[in-house]
Amino acid sequence: AQLGILISGPEILESTRRVDTVVLDKTGTVTTGQMSVVGVVPAAGGDGVDDVDRLDESTLIGLVGALEDASEHPVGRAIADFARRRVGDLAPVADFQATAGFGVAGVVAEHAVAAGRPSWLADQWSVALPPEQQKELAAAEAGGRTVIAVAVDGRAAGLVLVADTIKPTSAQ
Numbered sequence: 340a341q342l343g344i345l346i347s348g349p350e351i352l353e354s355t356r357r358v359d360t361v362v363l364d365k366t367g368t369v370t371t372g373q374m375s376v377v378g379v380v381p382a383a384g385g386d387g388v389d390d391v392d393r394l395d396e397s398t399l400i401g402l403v404g405a406l407e408d409a410s411e412h413p414v415g416r417a418i419a420d421f422a423r424r425r426v427g428d429l430a431p432v433a434d435f436q437a438t439a440g441f442g443v444a445g446v447v448a449e450h451a452v453a454a455g456r457p458s459w460l461a462d463q464w465s466v467a468l469p470p471e472q473q474k475e476l477a478a479a480e481a482g483g484r485t486v487i488a489v490a491v492d493g494r495a496a497g498l499v500l501v502a503d504t505i506k507p508t509s510a511q
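Now the structure itself:
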């Protein structure tokens with residue numbers, strides 16, 4: 340009761356001795372509620388925009404950050420804030436479209452950019468993640484990260500990893 344956990348009935352109380360894991364899903368209680376970028380993974384590395392499947396990290400975050408700056412979603416805000424700190428001013432976005440729960444798309448610096456769920460990129464934009472990005476995706480999701488897949492000009496360009504921060508008092 341001191342921890343705010345209510346167990347009603349003797350049967351439930353007896354069954355708690357078998358509990359070895361407790362899962363809590365309450366953003367803002369266990370976590371700070373503030374999303375932040377914890378990683379940027381370009382598709383294949385590189386150093387420019389001539390070959391869009393080989394964007395460098397700064398170019399990738401600049402493009403997706405500009406796109407997400409037009410979004411009101413907390414994940415989008417986190418990506419835009421990170422991009423602004425990393426690359427400075429963000430390019431304007433044209434033809435911005437948001438598909439609730441799936442992703443965003445628009446034109447940034449004359450590039451068609453889409454960012455969102457990998458399944459949405461595959462279904463709506465015919466952009467499938469290459470095997471190395473699929474491995475990064477699986478590892479990030481296993482670590483509790485939210486993964487935003489990015490496509491530039493119809494090609495998989497990279498992943499942005501976002502996470503909420505656990506409050507220092509949560510373990511207690």
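Residue 340 is where the sequence shown starts when you use this note's numbering, and the numbers rise one by one after that. Glycine included, C-beta positions come from ideal geometry on N, C-alpha and C. Values in this document were obtained by computation on a predicted structure and should not be read as measured data.
Per DSSP, the beta-bridge partners of Leu498 are Val380, Ala488. In this structure, Phe435 and Val443 form a Cβ contact; the two beta carbons are roughly 7 Å apart against a cut-off of 8 Å.
Here the alpha carbon of Pro381 sits roughly 48 Å from the alpha carbon of Ser354.
Per DSSP, the beta bridge partners of Gly442 are Thr438, Gly455. Between the alpha carbons of Glu480 and Ile351 lies a gap of roughly 32 Å. Boundaries of the alpha helix (DSSP H) harbouring Arg424: 413-426, taken from the DSSP string. Proximity to Val362 across Ala502, Gly483, Pro457, Thr371 peaks at Gly483, based on C-alpha coordinates.
Counting along the chain, Leu468 sits inside no alpha helix (DSSP H), nor does DSSP assign it H or E at all.
The alpha-carbon separation between Ser375 and Gly348 amounts to approximately 41 Å.
In the structure shown, Thr360 falls within a coil segment according to DSSP collapsed to helix, strand and coil. Burial check for Thr508: the Cβ neighbour count within 10 Å stays below 16, so the residue is exposed. Contact between the stretch 458-465 and the stretch 410-420 is absent: fewer than 3 CB-CB pairs across the two stretches fall below 8 Å.
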